[in-house]
Amino acid sequence: MAIPVIDFSKVNGSGEERTKIMAQIANGCEEWGFFQLVNHGIPEELLERVKKVCSECYKLEREENFKNSKPMNSLKDLAEKKNGEKLENTDWEDVFILLDDNQWPSETPGFRETMAEYRGELKKLAERVMEVMDENLGLPKGYIKKAFNGGEGDNCFFGTKVGHYPPCPHPELVNGLRAHTDAGGVILLFQDDEVGGLQILKDGKWIDVQPLKNTIIINTGDQIEVLSNGRYKSTWHRVLVTPNGNRRSIASFYNPSLKATIAPAPKLVERANQEMNRQEYPKFVFGDYMSVYAEQKFLPKEPRFQAVRTV
Numbered sequence: 276m277a278i279p280v281i282d283f284s285k286v287n288g289s290g291e292e293r294t295k296i297m298a299q300i301a302n303g304c305e306e307w308g309f310f311q312l313v314n315h316g317i318p319e320e321l322l323e324r325v326k327k328v329c330s331e332c333y334k335l336e337r338e339e340n341f342k343n344s345k346p347m348n349s350l351k352d353l354a355e356k357k358n359g360e361k362l363e364n365t366d367w368e369d370v371f372i373l374l375d376d377n378q379w380p381s382e383t384p385g386f387r388e389t390m391a392e393y394r395g396e397l398k399k400l401a402e403r404v405m406e407v408m409d410e411n412l413g414l415p416k417g418y419i420k421k422a423f424n425g426g427e428g429d430n431c432f433f434g435t436k437v438g439h440y441p442p443c444p445h446p447e448l449v450n451g452l453r454a455h456t457d458a459g460g461v462i463l464l465f466q467d468d469e470v471g472g473l474q475i476l477k478d479g480k481w482i483d484v485q486p487l488k489n490t491i492i493i494n495t496g497d498q499i500e501v502l503s504n505g506r507y508k509s510t511w512h513r514v515l516v517t518p519n520g521n522r523r524s525i526a527s528f529y530n531p532s533l534k535a536t537i538a539p540a541p542k543l544v545e546r547a548n549q550e551m552n553r554q555e556y557p558k559f560v561f562g563d564y565m566s567v568y569a570e571q572k573f574l575p576k577e578p579r580f581q582a583v584r585t586v
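Each step along the sequence shown adds one to the number in my numbering, with nothing skipped, and position 148 is 423.
Printed below as a string of structure tokens:
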């Protein structure tokens with residue numbers, strides 16, 4: 276069993292071919308919460324540059340710090356005890372976030388220019404994917420984007436998490452990243468071509484997300500679940516570590532503005548009521564949801580929805 280791999284260029288076609296691709300994307304959103312895009316429109320040359328500058332950045336600016344980091348020291352201590360315990364509340368990852376207005380790594384040649392170009396392309400791709408979701412859900416074009424931006428304009432939160440999962444001397448004692456669902460909207464992941472480790476939970480089983488060269492993995496976050504009134508589910512996923520290889524992971528998040536009000540689309544609530552398939556999701560401010568999520572990220576998601584103060 277493998278997550279769907281979809282040729283996104285065919286969305287621009289017509290007739291039966293386009294209908295088939297739209298159905299594949301709907302299935303990816305409804306049954307999986309994860310799918311891989313090929314022919315997504317981002318130039319291969321740019322993706323190759325992204326791989327290069329992110330790997331160089333880790334070596335130049337991050338690797339030495341990780342060797343003296345809390346995960347490294349905690350794992351050493353635990354391994355020496357040999358008491359069978361695992362590192363429960365620690366992730367074996369090195370990460371930093373890129374936003375339009377925060378400090379970026381400055382010592383790696385070409386890093387800023389390459390990643391700024393990449394982020395621009397990814398944001399456009401996220402908006403195209405959301406338009407496909409609008410269409411498949413029977414919503415007006417631009418509905419999800421408008422909801423996330425709190426109306427017209429460009430107020431969404433668009434962040435890029437650059438991560439590495441270095442070789443781990445005791446992979447049986449720690450997770451790369453603990454199991455969770457993503458808090459936000461649409462997540463676009465450019466993962467390592469060769470080193471695996473990402474898994475999703477499907478029908479009670481953990482399934483590997485196979486590395487495929489220069490694909491973009493899409494997954495839906497909690498806010499898409501709410502907005503779609505449960506038709507699209509956010510999916511549990513985790514990262515395992517290995518003793519070999521340094522897995523690169525570049526995840527971009529198209530999330531609502533912290534001030535945006537999120538609620539199930541009325542049209543989808545109406546349809547669910549007609550079908551007697553009711554879902555109970557509150558209407559809330561995304562910033563309030565993030566406050567709850569910060570405390571409960573690795574816990575079951577349903578109580579998070581109930582804990583948010585309804586507006």
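In this text, a Cβ means the ideal position worked out from N, Cα and C, and glycines have one as well.
Bear in mind that the values here come from a model prediction, so they are computed numbers and not experimental data.
- Runs of the alpha helix (DSSP H) lying entirely within the stretch 287-362 and spanning at least 4 residues, in chain order: 290-302, 319-332, 338-342 and 345-356.
- Secondary structure note for T510: it is in no beta strand (DSSP E), with a DSSP letter that is neither H nor E.
- In the three-state scheme derived from DSSP, where H, G and I count as helix and E and B as strand, V470 is classed as coil.
- Residue nearest to Q485 within the set D467, E410 and K477 is D467 (criterion: CA-CA distance).
- In this chain, R584 is not harboured by any beta strand (DSSP E), its DSSP state being neither H nor E.
- Within the DSSP bridge table, the entry for F561 names no partner.
- The stretch 530-546 and the stretch 339-356 do not touch, with fewer than 3 CB-CB distances between them shorter than 8 Å.
- Here the stretch 299-314 makes contact with the stretch 495-511; the two share three or more CB pairs at distances below 8 Å.
- In the three-state scheme derived from DSSP, where H, G and I count as helix and E and B as strand, F432 is classed as strand.
- For T389, there is no enclosing beta strand (DSSP E); the enclosing alpha helix (DSSP H) covers residues F386 to L412.
- In the DSSP assignment, Y556 falls outside any beta strand (DSSP E), carrying neither H nor E.
- Take V437, set aside five residues on each side of it, and the residues of its chain with a beta-carbon closer than 6 Å to its own are C329, F371 and I525, in chain order.
- Sequence-distant Cβ neighbours of C332 in its own chain, meaning closer than 7 Å and more than five residues away, are P380, T383 and F386.
- Between the stretch 555-570 and the stretch 536-546 there are three or more C-beta pairs closer than 8 Å, enough to call the two in contact.
- Taking the CA atoms as reference points, N519 sits about 23 Å from A277.
- As computed with DSSP, K477 is found in a beta bridge with K480.
- Going by DSSP, L452 is part of the beta strand (DSSP E) stretching over L452 to H455.
- In the displayed model, L373 falls within a strand according to three-state DSSP.
- Residue range I491 to T495 is occupied by the beta strand (DSSP E) that includes I493.
- The straight-line gap separating the alpha-carbon atoms of Y564 and S527 is approximately 19 Å.
- Within the same chain, L373, R394 and S527 come within 6 Å of T435 by CB-CB distance, once the 5 residues on both sides are set aside.
- Buried is the label assigned to D369, since at least 16 other Cβ atoms lie within 10 Å of its Cβ.
- Just measuring C-alpha positions, the residue of A391, S284 and Q311 sitting nearest I492 is Q311.
- In the DSSP annotation of this structure, the continuous segment of the alpha helix (DSSP H) that includes A547 starts and ends at P541 to Q549.
- E392 is not a Cβ neighbour of L476, given a cutoff of 9 Å.
- Of the candidates A535, I317, E500 and G290, I317 places its Cα closest to the Cα of K399.
- When the five nearest sequence neighbours on each side are left out, the beta carbons in the same chain lying within less than 6 Å of the beta carbon of D282 are those of V313 and N314, in order along the chain.
- For the 9 Å CB-CB criterion, L362 and N504 do not form a contact.
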